[in-house]
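Colleague:
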């Protein structure tokens, strides 16, 4: 009989995590999954503290959920612009005020731009690359000491890069083109592979989640431009778009003991849409 036990395989009790861009959308779905799986402390980072999609409301939702379900975990909000190195350095120091080690870094914050090819403003490319590529690199680099301090051979620390299936194919061109976004996500995929080799010996694994269309502030504009939720659902082999539980499940797997030997991989979460021929509608 194989020496296998699944007891506690997906339990994150006592873990500490940082989710960038965690105040809404995919980041908040992922943070919720970590909380429900038993994480002790979840740091939520985004640029804005207030407002209906700011950090404060997300932290309240998570802590209210913890209280309602009798969970020991708590959420802490820290405003930061992770496209800027100095702000990441400040973020590291703010996290250290609460925890000395970090088990999970979920680099979810991202930027996009859509529009016709030739009029594309240069600032849009800089914004996308600064956040989607340089920001991820600097997060990994500056949090590596805290992650290495928590990682063990049998249960390494995790860096999860929230990318996109746009990084694996030609996403969208023409009037609603997302060329630089797609290029930035391809770079993020390859960055994660390099980081996996660099950090693996320090007991830190690095993997990528590549979502397709999930209704969110980031994607809603392009979803509407491409025909709306109903049309895109028809074009998807699963006949729907992504839902919160889809991201939650993959996040939990990659952060749990079940994935301790998974390193440098990406998991597409798009219902198989990237494999369909015809319309180029991935993001």
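Residue numbers (UniProt numbering): 1 to 283.
Glycine included, C-beta positions come from ideal geometry on N, C-alpha and C.
1) Residue 156 to residue 119, Cα distance in whole Å?
2) For residue 208, write down the residues that DSSP places opposite it in a beta bridge.
3) With a floor of 3 residues, list each beta strand (DSSP E) that falls wholly inside the stretch 2-57, ordered by position along the chain.
4) Could you say which of 189, 187, 196, 29 lies nearest to residue 248 if we only look at CA atoms?
5) Decide if the stretch 226-240 is in contact with the stretch 265-276; the criterion is three or more beta carbon pairs, one per stretch, under 8 Å apart.
6) Could you compute how far the alpha carbon of residue 285 sits from the alpha carbon of residue 3?
7) Roughly how many whole angstroms lie between the Cα atoms of residue 280 and residue 25?
8) Which same chain residues end up closer than 6 Å to residue 27 when comparing Cβ atoms and leaving out the 5 residues on each side of it in sequence?
9) With DSSP run on the structure shown, which of helix, strand or coil describes residue 79?
10) If you run the structure through DSSP and keep just helix, strand and coil, what is residue 283?
11) Output needed for residue 202: all residues of its chain with C-beta closer than 6 Å, excluding positions within five of it in sequence on either side, in chain order.
12) Buried or exposed: where does residue 136 fall if 16 or more other Cβ atoms within 10 Å of its Cβ makes it buried?
13) Quick check on residue 240: does DSSP put it in helix, strand or coil?
14) Under the assumption that residue 210 contacts residue 167 (Cβ atoms under 8 Å), give the Cβ distance between them as a whole number of angstroms.
15) In three-state terms, what does DSSP make of residue 301?
16) What does a CB cutoff of less than 7 Å around residue 74 pick up in its chain, not counting 5 residues either side in sequence?
17) Closer than 8 Å is the cut-off here; do at least three beta carbon pairs connect the stretch 189-201 with the stretch 171-179?
18) Per DSSP, residue 134 forms a beta bridge with which residues?
Modeller: Straight from the coordinates:
1) 45 Å
2) 161, 266
3) 16-20, 41-46
4) 29
5) yes
6) This structure leaves residue 285 out entirely; the chain is present only between 1 and 283.
7) Confidence at residue 280 is low in this model, with a pLDDT of 48, below 50, so the placement of that residue is unreliable and no value is reported for it.
8) 19, 21, 108
9) strand
10) A caution first: residue 283 carries a pLDDT of 43, below 50, which makes its placement in the model unreliable, though a value can still be read off. Three-state DSSP puts residue 283 in coil, outside helix and strand.
11) 148
12) buried
13) coil
14) 6 Å
15) This structure leaves residue 301 out entirely; the chain is present only between 1 and 283.
16) 41, 63, 66
17) no
18) The partner list for residue 134 (beta bridge, DSSP) is empty, contrary to what the question assumes.
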